[in-house]
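For what it's worth, the UniProt record's numbering labels the leading residue of the sequence shown as 1, then goes sequentially. First the structure, in the form of structure tokens, and then the observations on it.
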Amino acid sequence: MTTIPETDAITQLPERFQARIEGRVQHRVGDGPLDDIPQGQEVQVDVALASMVVSWTSEGQPVTVTLAREEFMYYVDEGSIAILR
1 MTTIPETDAI
11 TQLPERFQAR
21 IEGRVQHRVG
31 DGPLDDIPQG
41 QEVQVDVALA
51 SMVVSWTSEG
61 QPVTVTLARE
71 EFMYYVDEGS
81 IAILR
């Protein structure tokens, strides 16, 4: 798979795409502590109104988390999330 250059990723996000977690990416479940999305994990990303819905399977169980769009793009810009074609 090839990755989309960072500058193009910001302006050309499809409604649904694949990405790979390349570095430390954290999310919060409710009011709980921050939790890491496993590095190397390939994920599906769905674009919502002001957020990104990130989904993957862990030990046969579906996992879905939501990141604010700005937070998601921060991780893309710093290289922690690679957008795949």
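Glycine included, C-beta positions come from ideal geometry on N, C-alpha and C.
Residue i and residue j look like a contact to me (Cβ under 8 Å); what is the Cβ gap, rounded to whole Å?
i: Q39; j: E22; result: 7 Å
i: L13; j: V47; result: 6 Å
Please tell me whether residue i and residue j are closer than 9 Å, where the distance is taken between their beta carbons.
i: R69; j: S51; result: yes
i: Q44; j: F17; result: yes
i: H27; j: V76; result: no
CA-CA distance, residue i and residue j?
i: V53; j: E15; result: 10 Å
i: V63; j: T57; result: 6 Å
i: R24; j: G30; result: 19 Å
i: L67; j: L49; result: 11 Å
i: M73; j: G79; result: 10 Å
Could you name the residues of the same chain whose beta carbon sits closer than 7 Å to that of residue i, not counting the 5 residues immediately before and after it, in chain order?
i: A82; result: T3, A19, R20, E22
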